[in-house]
Amino acid sequence: NTAPVPLKTLLPQQNSTASDAQWRQVTATGHYLPDVQVLARLRVIDSKPAFEVLAPFVVDGGPTVLVDRGYVRPLEGSHVPPIPRPPAQPVTITARLRDSETAAANKDPFVGDGVQQVYSIDTEQVAVLTKTPLAGSYLQLIDGQPGGLGVVGVPQLDAGPFLSYGIQWIAFGILAPIGLGYFAYSEIRARRQEKQHRASAAAETAPAPEAPAAPQSVEAKLADRYGRRR
């Protein structure tokens, strides 16, 4: 939420980009090219389909930049609704810097309902389609600006509650194997103790061994073998 800075301090030339200033608020004075308009299709705003309306903006003493004026809802599925033209007179706008998107693969631009349509906000692609030189970064208008339409919100840039959920799942992933190991160890220890108790109980109830017989004398052995004399 820092104060806006002049756009020309970040995009001083036509071929400038400001990838390290993503989402930074800037101000610029100049004028729209009202006869040039491109729609970014298949966008989702507040969980509903939308077109984002793009128009070049010529900065006084600076580059020409692509401006995302905001969104409009399609009619009857995918038809383009009436779109108000941006002001033709010089205006001052406040917007957020955005990085150019990568052109969508296997999805060529086309003209629908009389309007040029694209699948991504690629400044280089839009420059070719409109034959208008554009800076590498583009602008996304904030609320209440000249030429603005439905405001495209800023995504949640902090982790929010998802960070705590992620930490909880990581902790669970670490502790779960430890818990399983502890339970397995406890089970093995309990079985060993039970086995020891059973062995002790068996030893206590077993009959005492008989005392070994006393060794016989030679005379007794002979008597057992040949019989005793009468």
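Under the numbering used here, read the sequence shown as residues 526 to 755, first letter to last.
Don't be surprised by glycine CBs; every beta carbon is placed ideally from N, CA and C.
From the DSSP output, in three-state form, read off K533 for me.
helix
Can you tell me the Cβ-Cβ gap for L591 and T648, rounded? I've got them flagged as a contact below 8 angstroms.
5 angstroms
Whose C-alpha, out of N540, R621, Q642, G586, is nearest the C-alpha of R568?
Q642
Pick out whichever of V677, A613, V561, P537 has its Cα sitting closest to the Cα of G661.
P537
Secondary structure at A546, three-state DSSP: helix, strand or coil?
helix
Taking just the CA atoms, how far does K573 sit from L659?
29 angstroms
Does the distance from the CB of T617 to the CB of Q550 come in under 8 angstroms?
no
With a CB to CB cut of under 8 angstroms and the five nearest residues on each side skipped, what residues in its chain are close to V528?
Rather than Val, the amino acid found at residue 528 in this sequence is Ala. Hits under 8 angstroms: Q550.
So L558 is in the beta strand (DSSP E); what residue range does that whole segment cover?
Note, L558: premise wrong, no beta strand (DSSP E); not H, not E.
Identify which residue in G675, G639, V677, V679 has its Cα closest to the Cα of Q562.
G639
Please go through the same chain and pick out, in chain order, the residues whose beta-carbon is closer than 7 angstroms to the beta-carbon of L674, but skip the five residues on each side of it.
V578, R594, G595, Y596, V597
Rounded Cβ spacing between Q547 and R623 (contact assumed at less than 8 angstroms):
7 angstroms
Just to confirm the assignment, what range does the alpha helix (DSSP H) spanning T657 have?
Careful: T657 lies outside any alpha helix (DSSP H) and carries neither H nor E.
Applying the criterion that 16 or more other CB atoms from any shown protein chain within 10 Å of the CB defines a buried residue, is G587 buried or exposed?
buried
Less than 6 angstroms between C-beta atoms, sequence neighbours within five positions excluded: which residues of the same chain meet that for E626?
S645, I646, D647
Give a yes or no on whether the C-beta atoms belonging to V583 and G555 are separated by under 8 angstroms.
yes
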